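In what follows, a single structure is set out as structure tokens and then discussed.
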Amino acid sequence: MSDTEQTLSIIKPDAVERNLEEPIKELFIKNSFKIVKQKKVQLDKKDAELFYKVHETKPFYNELCTYLSSGPILVMILEKTNAVSENRRLMGSTDPKKAEEGTIRKKYGLSIDKNSVHGSDSQENAQTEINFFFKN
Ligand code: CMP
Numbered sequence: 001m002s003d004t005e006q007t008l009s010i011i012k013p014d015a016v017e018r019n020l021e022e023p024i025k026e027l028f029i030k031n032s033f034k035i036v037k038q039k040k041v042q043l044d045k046k047d048a049e050l051f052y053k054v055h056e057t058k059p060f061y062n063e064l065c066t067y068l069s070s071g072p073i074l075v076m077i078l079e080k081t082n083a084v085s086e087n088r089r090l091m092g093s094t095d096p097k098k099a100e101e102g103t104i105r106k107k108y109g110l111s112i113d114k115n116s117v118h119g120s121d122s123q124e125n126a127q128t129e130i131n132f133f134f135k136n
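Once you know that position 79 of the sequence shown is 79 in the working numbering, the rest is easy, because the numbers rise by one and skip nothing.
Right, here's the structure in full:
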């Protein structure tokens, strides 16, 4: 039985602005992820609030949603065995200062807000997040 999974990845505004889409996609491919679907979008603040609803009680929620809607983002469905955990490993710690060598956030992240990439944190959230961007 195959345990191939899908997860949602976002290349955030700070990385799109610095033309890091291709280098980050290359890292996914080099790490055996298949990019099943991708699209570039810009969310409005209301959409960002919906997307990050799980964080609505956090003190950084408003800033987080303002930031995610501040510019274009590249959203992708990534596929691999154990895609959710493998993507989180490749991204590294949320705070780039704490991220491990070789991870995307270590390499490209600027700060805990501008940390270049988002990845689903569970299989359940992956499905919700994939539906959010790719329903239809
Ligand atoms: P992300 O994986 O997209 O999920 C939620 C985001 O909130 C996270 O990346 C960070 O960019 C952002 N964030 C801002 N401040 C914090 C914080 N103090 N702790 C965790 N995440 C934070």
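A virtual CB, placed ideally from N, CA and C, is assigned to each residue, including glycine. On a predicted model such as this, the values are computed, not experimentally measured, just so you know.
| query | result |
| --- | --- |
| Exposed or buried, H55, counting other C-beta atoms within 10 Å across all chains shown (16 or more means buried)? | exposed |
| Name the two residues that bound the continuous alpha helix (DSSP H) containing E129. | Q123 to F134 |
| Take every Cβ of the stretch 19–27, pair it with every Cβ of the stretch 41–48, and state whether three or more of those distances are shorter than 8 Å. | no |
| Should F28 be listed as close to the ligand CMP, given that the test is whether its C-beta is under 6 Å from any heavy atom? | no |
| State buried or exposed for P59, treating a residue as buried only when at least 16 other CB atoms are found within 10 Å of its CB. | exposed |
| When you compare only the Cα positions, how much space is there between L110 and Y67? | 13 Å |
| By the 10 Å Cβ neighbour count, where 16 or more other Cβ atoms means buried, how is L50 classified, buried or exposed? | exposed |
| Are the Cβ atoms of I73 and D95 separated by less than 7 Å? | no |
| Per DSSP, which residues does L8 bridge with? Please list them. | I77 |
| Which residues, in chain order, sit with a beta-carbon under 6 Å away from any heavy atom of the ligand CMP? | H55, F60, L64, T94, I112, D113, N115 and H118 |
| From N125 to E79, what does the alpha carbon distance come to, in whole angstroms? | 15 Å |
| With 16 as the cutoff for other CB atoms within 10 Å, does P13 come out buried or exposed? | buried |
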